[in-house]
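Report on the following structure.
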Amino acid sequence: MARLLGVSVHDLIGKPFIDFIWPEDRDLVTTRYRERLAGEDTPDTYDFRVIGPEGRMKWVFISGARILWQGKPATLNLITDITGRRLAEDLRKATELRLDSAMEIGSLAWWEMDLPSGTVRFDARKATMLGYAPEQFLHYTDFTALLHPDDFEPAMQAMRNHLEGRTDRYQIDYRIRVASGEHRWFPDVVLITRRH
Numbered sequence: 078m079a080r081l082l083g084v085s086v087h088d089l090i091g092k093p094f095i096d097f098i099w100p101e102d103r104d105l106v107t108t109r110y111r112e113r114l115a116g117e118d119t120p121d122t123y124d125f126r127v128i129g130p131e132g133r134m135k136w137v138f139i140s141g142a143r144i145l146w147q148g149k150p151a152t153l154n155l156i157t158d159i160t161g162r163r164l165a166e167d168l169r170k171a172t173e174l175r176l177d178s179a180m181e182i183g184s185l186a187w188w189e190m191d192l193p194s195g196t197v198r199f200d201a202r203k204a205t206m207l208g209y210a211p212e213q214f215l216h217y218t219d220f221t222a223l224l225h226p227d228d229f230e231p232a233m234q235a236m237r238n239h240l241e242g243r244t245d246r247y248q249i250d251y252r253i254r255v256a257s258g259e260h261r262w263f264p265d266v267v268l269i270t271r272r273h
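Anchor point for the sequence shown: position 124 equals 201 in our numbering, and the numbering is continuous, going up by one each time.
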């Protein structure tokens, strides 16, 4: 714990732990501590920030339990440094936000299909830009049923060519029926991301 906080063991012993907690998280930790001492139903685990070496913020994960210590209620806590994991999560979220913003600006949407089941996962924009509710689409055939009759077989052949390794990607423009009943042109590009 001393190494995590960047202090000596001597400096840590007898000092209130609240002094090492990041100021914005002190109310949370104090509330959880009081609830646990009182025997209330409070989460056994949670994340909060501490003041690390040179005043830098560090994220920790705490797992605690109520115990008796010298006949009085106390808590026994295990604390793990999760700073690296939290920073990676923050970076992932920021990257996803940038990607989502770029896709929205470009009127783009992603989709995935599992084979052989044919189930699909997709960005809600894939459905809403066509005027439909996302819940209407569970299987790839829910989308292909909307293709213009003249474009159905060329689209399916392009997909087969890619799945069977004859082309390095599935790429085609097709007409699809939107909610208003008219057919509009859309480009579609697919790459296999994983084979089982």
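Glycine included, C-beta positions come from ideal geometry on N, C-alpha and C. Being a predicted model, the structure only gives us computed values, none of them experimental.
DSSP places D118 in the coil class of the three-state scheme, outside both helix and strand.
In this structure T152 is not in contact with Y217, their Cβ atoms being roughly 53 Å apart against a cut-off of 8 Å.
Counting along the chain, the unbroken alpha helix (DSSP H) around K203 starts and ends at 201-205.
Here the alpha carbons of R175 and P226 stand approximately 37 Å from one another. Spatial neighbours of L81 in its own chain (CB-CB distance under 6 Å, excluding positions within 5 residues in sequence) are listed in chain order as D158. In this structure, L215 places its C-beta atom within 8 Å of the C-beta atom of V197.
Here the alpha carbon of P231 sits roughly 11 Å from the alpha carbon of R252. Looking at the backbone, the Cα of W136 and that of F97 are separated by about 12 Å.
Using a C-beta cut-off of 8 Å, the region 200-207 makes contact with the region 175-185, since at least three inter-stretch Cβ pairs fall below that distance.
Non-local beta-carbon contacts of E189 in its own chain, meaning distances under 6 Å to residues more than five positions away in sequence, involve R198 in chain order. The distance from the Cβ of D121 to that of G141 is about 6 Å, consistent with a contact at the 8 Å cut-off.
Taking C-alpha positions only, R169 is separated from G161 by approximately 12 Å. The alpha-carbon of Y209 is positioned some 54 Å away from that of F94. Beta-carbon to beta-carbon, R261 and V267 are separated by about 19 Å, too far to satisfy the 8 Å threshold. As the crow flies, the alpha-carbon of D118 is around 12 Å from that of T108.
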